[in-house]
Amino acid sequence: MNYEIKLEEFQGPFDLLLHLVNKNEIDIFDIPIASITSQYMDYIGKMKEKNMELTSEFILMASRLIEIKSKLLLPVEEDDEGEEIDPREELAQRLYEYKIFKEISAYMKEKESLYMKTYFKDPEYIPFDKDVETEVDVQELLKALRNVLASNNLILEGEDKDVHTIQKEVVRIEDKIRDLEVLLQENPTIRFSMAFKGSKSVQTVVVTFLALLQLVKNNMVKFRQDKNFDEIIISRM
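One gets our numbering by counting positions in the sequence shown from 1 and adding 2 to each.
Spelled out as structure tokens, the structure:
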């Protein structure tokens, strides 16, 4: 086992799991639990050897992996509709959600870094024009995202979710971009919350958010917030 990455860099058990999945080029929704559990336990062992403090989250994840591994050795269970229950499903869903939130975080850090490198000239008076595009603060975007999750009774970690209600198919950013393009063709200006109408899972919400960021990056839409605490407006360019 090659331990090139610094163990101290892992921010939590999902960070370590995602590293293992990427390192082995594994499909998140088809994780070979036996192999990943073995590698995860190897990392835990290395952390102990280095006298690093193991948080309860790392220990809990280790026990969860072992539990899933054990369930896979038992006869396959079925739900009320006769479909096979995959013991890996809930973990895979939460890992996928962690992955896309990490992508959002990286995007936001990049935007913040670019903003910090921007040089500003001395202010001058410019007549206010409501049609002029305004920059929406990164924190306001994240706040709007949290509001969407809250209004749809969704939580980030999914601890209280019933595994049977988790969405099985992966929501693709490309598909969401097309959906948003159609929506904005019909309604050139919409409220931020309208872009997430009908979203029933955290996965759908965050992928829609990433799709919106991609459209902004491609100069296809712009965000506007007329004043503090107003809902963000999305406009087609």
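Where is the CB? At the ideal position from N, CA and C, for every residue including glycine.
Is it right to say residue i is buried, meaning 16 or more other beta carbons lie within 10 angstroms of its own, or is it exposed?
{"i": "methionine 196", "result": "exposed"}
{"i": "threonine 39", "result": "buried"}
{"i": "serine 153", "result": "exposed"}
{"i": "glutamine 205", "result": "buried"}
{"i": "lysine 178", "result": "buried"}
{"i": "glutamate 99", "result": "buried"}
{"i": "alanine 94", "result": "buried"}
{"i": "proline 34", "result": "exposed"}
What separation, rounded to the nearest whole angstrom, lies between the Cα atoms of residue i and residue j?
{"i": "arginine 90", "j": "lysine 229", "result": "45 Å"}
{"i": "aspartate 88", "j": "leucine 212", "result": "28 Å"}
{"i": "phenylalanine 198", "j": "glutamate 233", "result": "13 Å"}
{"i": "lysine 145", "j": "leucine 215", "result": "15 Å"}
{"i": "leucine 19", "j": "tyrosine 45", "result": "10 Å"}
{"i": "glycine 84", "j": "valine 78", "result": "11 Å"}
{"i": "threonine 191", "j": "arginine 238", "result": "6 Å"}
{"i": "glutamine 41", "j": "leucine 156", "result": "32 Å"}
{"i": "alanine 64", "j": "serine 72", "result": "12 Å"}
{"i": "lysine 50", "j": "histidine 21", "result": "19 Å"}
On the premise that residue j lies in contact with residue i, defined as a C-beta separation below 8 Å, what is that separation, rounded to the nearest angstrom?
{"i": "leucine 186", "j": "valine 223", "result": "7 Å"}
{"i": "glutamine 227", "j": "isoleucine 236", "result": "Going by Cβ atoms, the distance from glutamine 227 to isoleucine 236 rounds to 11 Å, so no, they are not a contact pair."}
{"i": "valine 209", "j": "valine 150", "result": "Valine 209 to valine 150, Cβ: 12 Å. No contact."}
Determine which residues share a DSSP beta bridge with residue i and list them.
{"i": "glutamate 86", "result": "Glu80"}
> In chain order, which continuous runs of the alpha helix (DSSP H) of length 4 or greater are located wholly inside the segment 149–237?
Replying inline: 175–188, 204–219
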